[in-house]
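Protein chains: 4
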Amino acid sequence: MDLNAYSTHIDLALDARDLAQAANQGQAIPGIETDTKRENGIRVTKINVLNEEGSKALGKLPGHYITIEVPALRQKDTQLQDRVATKLAQEFGQFLLEIGISKEAKVLIIGLGNSSVTPDALGPLVVDNVMVTRHYFELMPDDVGPGYRAVSAVAPGVLGTTGIESSDIVQGIVEKSQPDFIIAIDALASRSLERVNTTIQIADTGIHPGSGIGNKRKGLTKEVLGIPVVAIGVPTVVYASTIVNNAFDMMHKHFSEQTSNTGQILGLLDGMKEEERLLLVKEVLNPVGHDLLVTPKEIDQFIEDIANIIASGLNAALHDAVSVDNVAAYTH
Amino acid sequence: MDLNAYSTHIDLALDARDLAQAANQGQAIPGIETDTKRENGIRVTKINVLNEEGSKALGKLPGHYITIEVPALRQKDTQLQDRVATKLAQEFGQFLLEIGISKEAKVLIIGLGNSSVTPDALGPLVVDNVMVTRHYFELMPDDVGPGYRAVSAVAPGVLGTTGIESSDIVQGIVEKSQPDFIIAIDALASRSLERVNTTIQIADTGIHPGSGIGNKRKGLTKEVLGIPVVAIGVPTVVYASTIVNNAFDMMHKHFSEQTSNTGQILGLLDGMKEEERLLLVKEVLNPVGHDLLVTPKEIDQFIEDIANIIASGLNAALHDAVSVDNVAAYTH
Amino acid sequence: MDLNAYSTHIDLALDARDLAQAANQGQAIPGIETDTKRENGIRVTKINVLNEEGSKALGKLPGHYITIEVPALRQKDTQLQDRVATKLAQEFGQFLLEIGISKEAKVLIIGLGNSSVTPDALGPLVVDNVMVTRHYFELMPDDVGPGYRAVSAVAPGVLGTTGIESSDIVQGIVEKSQPDFIIAIDALASRSLERVNTTIQIADTGIHPGSGIGNKRKGLTKEVLGIPVVAIGVPTVVYASTIVNNAFDMMHKHFSEQTSNTGQILGLLDGMKEEERLLLVKEVLNPVGHDLLVTPKEIDQFIEDIANIIASGLNAALHDAVSVDNVAAYTH
Amino acid sequence: MDLNAYSTHIDLALDARDLAQAANQGQAIPGIETDTKRENGIRVTKINVLNEEGSKALGKLPGHYITIEVPALRQKDTQLQDRVATKLAQEFGQFLLEIGISKEAKVLIIGLGNSSVTPDALGPLVVDNVMVTRHYFELMPDDVGPGYRAVSAVAPGVLGTTGIESSDIVQGIVEKSQPDFIIAIDALASRSLERVNTTIQIADTGIHPGSGIGNKRKGLTKEVLGIPVVAIGVPTVVYASTIVNNAFDMMHKHFSEQTSNTGQILGLLDGMKEEERLLLVKEVLNPVGHDLLVTPKEIDQFIEDIANIIASGLNAALHDAVSVDNVAAYTH
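So this is what it looks like as structure tokens:
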């Protein structure tokens, strides 16, 4: 989990695209391709950042991004969860082919985060639940059936509990175990409470840690590791200041719809830009201990559900022998 | 955990007192006695609601309330935790004597809440960690040393997982096991993010559930159970709307200190009463899924720490043979 | 878990029948009806103890007993687990009708045992995983669809952690919640290591605790509670002395098949009766701390698997609306 | 956990010494130095295997071995646990100096084993509870007080859940993080039920996996990793066959004390050597599923207690600033 209190970094390409588009008066942004499909309560948006121009406009690296949004995902609907796992499997399998990763490519799955902190335990939980096969390929290659690839999985812990940068640990493991590519799963800080535990992002740009005070963490990227890194991220926490800042917008909109006097709606807040206003909110809340990172009360259940969805989706996407119709059977 | 989205109910007598006092221009409130002491980062406030007049002013039942506030409690300071446990033991022991409960009185400790939902697991966790002695008194009374009393402890679960009102379960157990009084531990919804996991309230008024839609739960009170019920409550969650509403006050205060034009600070919000404003915020946030109950990211650790403090404090308060100096040794 | 070190009590009717039959030279035992079916790796044995004569011969109360044996159950075969859940659902549903319990009868499921001790946590785990419906019948009876009955579920804890006999807790809850019958789930001590986590017994004779030293526990029976009590038991632990005693038999058999000199096989052990020999083994192992109750290394996984099987089976057996074909979908 | 069913490998040097000494008619063994001290319920035995002769006699590599035996450790006596942690701290600190590891030497603590299998979770649990300091030395070296050394800690998982040999993972981490030595914590299979969770062995010979079928695991040794490896091992499981084999000895001894006819005590077993007899027991029990690895019923509590003892002991031994008198305060 990469959390920088004063960062203006936006984890989700979708949020960055929405902001950029709003700033651009709703016009399409040069250097950006997007495509959105809705089906059965699931919205899938593909965003390709084609070049430097697009990258600059969004503040995101050039690359491929897929966002899967499922607003109802927190409602304990097991059939919806199965549909999301199936959708994830399809999209992820397709995504790997599109970025040039073959069906035989050996993968190391990295579950980032701290298994003792529930909203940060997503990565380790996925690692606990994915099918691991690499040792069969190593120890008894002749016994492995067709339709499987070599999968290994490690949760490297966090700096505070291991004393070692997780990127250093991953680099060491990559050198010894020689995978062809990496899938890194991480919990994210959200731009909005409604995204928490309802959105999954896939990207081929790796993990880029922020650069907050005292934070010298290296990333997990192709530059560092020498092999492609596909990141899967899920927003699981949100700053109190973000909740407040979003509420200002909603309150403003609410009042606007009821009054014609738009000059006085939220007084001094009305004239501020969003980023400026967010920094002000942080400035006000932080010193009095009000700018905590928070997570929904039911986080234990939510995290377990999403970890199962991701593990099931990966199992089906990574092995042809595992059908997308019965992904659930292969996870714990 | 008793959570009513639109309730104007205030769980902490201290918050009710502060609101009433503010409404009363800072004047003392008739029918209310209060006393506050600070020591070593711990603030203890005693509030006695003496009569109907005081009860009406605060919206709290007549009775005795103690609030222990420790703003630094979330900072993983084990020495501070030990001091809080010792303070709780002293205050709680004194409190029992003052409300007329003798040192021999047999107690049943009830841990309310859902052990599978971390911020609601406080009660069950305390039950797991208190010293239980009743069976020694029953099975081998001659072997029990002096300085102990009969303590039993049960976590009755929640309606959603047992199918039975927890008050019915408690009533059944009380009839069979015949304790002299009850200590009921419960997680509360907070009026402020800073109170979450930093405040402990003791009260002799029992547990009074709200009356939200579909919520027919009975309370745990002397009227229902026939024996005194001492409640220990800790705020562990907060509504997003509460965070937002508090932020409006902080923003207003911030701007007020920087401008002389007090008429236009937050526009339309300026003229609203707090309760009215809170209802409006809920009205705006709720339909779009933004009024969740949230809890700090580090809730696993916080809940474990506070459960240990309460269990240690109770062990020392309930048994003379357990010294307040070494309470920690008796818990897990 | 009812564990009496020197008890000659036999928890499983099937073991009692086998011993009695062996003592009877393989002849059928008067007052006992038995019926065995095998299918797909699952063996189901029904034993009816018809009268006092049968009861005396087996040392089991008159009543109906079903034993489901699945030797391969520890092999992590999820398809086998599903088959066992389905078989349990069928047998249990049939069993209830045969002992005169209607499809509308309201049930309270009691999960006996200590949730903090893995091999004793079976009951609490089942309670965590069964569908609970009683509160819907109480709070919104018109909204409950057809094909469901009122189910409640409680894990009353153990004497050592609550200070109260679990039978007293259950009695209190029964009086307040008024179920028509009880299903009590308990972990048992096994007569053999191979039975551990591979065998499920159903019986309509309730839970009868042993009478070891200091053990004054009352049972959960129709006599005590006034309503029928169906017990579901699974052996999850075994005494080291039991392992040793069984090994003597296996060693004796092994040598017998290899030698004609049957007089000298295991020396002084050869002339002893089994019960006598077991008591001797206990006498030798116990003082030196060698007669512990043990459980397989993989107990965490085994207990979770069996708890899921039982919860799935109960959900399908108790509600017509839950199909035996998809029982797994209704559990966690 | 290194478990080879038919291995004649003995994990504890103390057991190997006892066997060798018995075979040598109680005479001292050339090439072996031993020293034993008892105090307060704790027995500490130091065994130095000086040369090839000693190594051959014991079947253990030349090196230094310390065994701490505490028969009462399973009795939940928290004061005894504190004494054991203090003793471990003293012995371990002394041990490091004696084998030439300085007080500034940077250490990587490796918790071997599977965190999801309780008796195999010792290593990961210790890693969760040790003080980790390396990142302070890396990120803010000027702020680190005197009396601390750089400590990092990783639980590399097991082959079955990661797909990668744990020795490969460790090797990769060593290369990236450059510690000066390694402490590797592992759960062991015991030669006797009474040793389970009561004995701690320290050795400077590293971790040497067995060579069972399909088991190609590399070790964690100075040869492989290039730096010293100190192993801490605790027996947590035992084969059923081991329990049975030990019981034969105890039964034989029991009968011997009661009879003068020593020729016929256990018949055909009397003439067999212990190793031969153990193989026979395995041969008889294994095919019928009776030779499981088992662990005491209370393993959850035992493992937590021993993990805390080891973590507390290591914290005090590794940092001069952490006093042996208050080791417990530094662990969770």
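Heads up: the protein sequence lines correspond to chains A, B, C and D, in order. With numbering that gives the first Met the number 0 applied, the first sequence closes on residue 331, and no number is skipped along the way. With numbering that gives the first Met the number 0 applied, the second sequence closes on residue 331, and no number is skipped along the way. With numbering that gives the first Met the number 0 applied, the third sequence closes on residue 331, and no number is skipped along the way. With numbering that gives the first Met the number 0 applied, the fourth sequence closes on residue 331, and no number is skipped along the way. Note that CB positions come from ideal geometry on N, CA and C, so glycine has one too. Since we're looking at a predicted model, the values are computed, not measured.
Between the segment 263 to 272 of chain A and the segment 282 to 299 of chain B, the count of Cβ pairs shorter than 8 Å is below three; the stretches do not touch. Residue environment: residue 164(B) is assigned as buried (16 or more neighbouring CB atoms within 10 Å of its CB, all protein chains considered). Near chain C, meaning a CB-to-CB distance below 9 Å, the residues of the segment 150 to 161 of chain B are 150, 151, 152, 153, 154, 155, 156, 158, 159, 160 and 161.
By a beta-carbon distance limit of 8 Å, residue 156(C) contacts residue 153(B). Their separation comes to about 7 Å.
Within the model, the alpha-carbon separation for residue 313(D) versus residue 119(D) is close to 19 Å.
Here the segment 54 to 67 of chain C lies against the segment 27 to 36 of chain C, with 3 or more beta-carbon pairs under 8 Å apart.
According to DSSP, residue 234(A) shares a beta bridge with 187(A). By the neighbour-count criterion, in which 16 or more other beta carbons inside 10 Å mark a residue as buried, residue 21(A) falls on the exposed side.
Taken in chain order, the members of the segment 172 to 190 of chain C whose beta-carbon sits within less than 9 Å of a beta-carbon on chain B are 172, 173, 174, 175 and 176. The C-beta of residue 297(D) comes closer than 8 Å to at least one C-beta of chain C.
Between residue 218(D) and the set 169(D), 180(D), 247(D) and 234(D), the nearest pair of CA atoms involves 169(D). By the C-beta density criterion, residue 190(C) is buried, having at least 16 other C-beta atoms within 10 angstroms.
From the listed residues 306(D), 207(D), 250(D) and 123(D), the smallest Cα separation to residue 283(C) is found for 250(D).
Chain order gives the chain C residues near residue 131(B) as 159, 160, 161 and 162, where near means a beta carbon separation below 8 Å.
Here residue 221(C) is not bridged, per DSSP, to any residue. The beta-carbon of residue 115(B) is placed less than 8 Å from the nearest beta-carbon of chain A. In this structure residue 91(A) touches residue 201(A) by the C-beta definition: roughly 6 Å separates them, less than 8 Å.
By the Cβ rule, the segment 118 to 135 of chain B does not count as touching the segment 75 to 92 of chain B, because fewer than three pairs are nearer than 8 Å. Interface residue (Cβ-Cβ distance to chain A less than 8 Å): residue 70(B) is classified as such. Under the Cβ distance rule, residue 134(A) counts among the residues neighbouring chain D, one pair being separated by less than 8 Å. Going by C-alpha positions, residue 253(A) is about 39 Å away from residue 111(B). Taking the beta carbon of residue 198(B) as reference, no residue of chain A falls within 8 Å; the closest one sits roughly 12 Å away.
Residue pairing by DSSP places residue 45(D) opposite 34(D) and 65(D) in a beta bridge. DSSP places residue 89(C) within a helical segment (H, G or I) once states are collapsed to three. Put simply, of 78(A), 288(A), 63(A) and 99(A) the residue whose alpha carbon is nearest the alpha carbon of residue 197(B) is 288(A).
The contact set of residue 294(C) on chain D, defined by CB atoms closer than 7 Å, consists of 293, 294 and 296 in chain order. Looking at the DSSP output, residue 295(B) shares a beta bridge with 293(A). Comparing C-alpha distances from residue 117(D) to each of 229(D), 185(D) and 93(D) shows the shortest one belongs to 185(D). Below the 8 Å Cβ cutoff, chain C contributes no neighbours of residue 309(B), its closest Cβ being approximately 17 Å away.
Across the set 98(C), 50(C) and 58(C), the C-alpha of 58(C) shows the shortest separation from the C-alpha of residue 16(C). Here the alpha carbons of residue 180(B) and residue 100(B) stand approximately 8 Å from one another. In the DSSP annotation of this structure, the continuous segment of the beta strand (DSSP E) that includes residue 202(A) starts and ends at 198 to 202. Note that the C-beta distance between residue 235(A) and residue 302(A) is below 8 Å. Only those residues of the segment 248 to 265 of chain B whose C-beta falls short of 7 Å from the nearest C-beta of chain A are listed: 249, 250, 253, 254, 263, 264 and 265. Taken through DSSP and simplified to helix, strand or coil, residue 152(D) comes out as strand. In the three-state reduction of the DSSP assignment, residue 108(D) falls in the strand class, which pools E and B.
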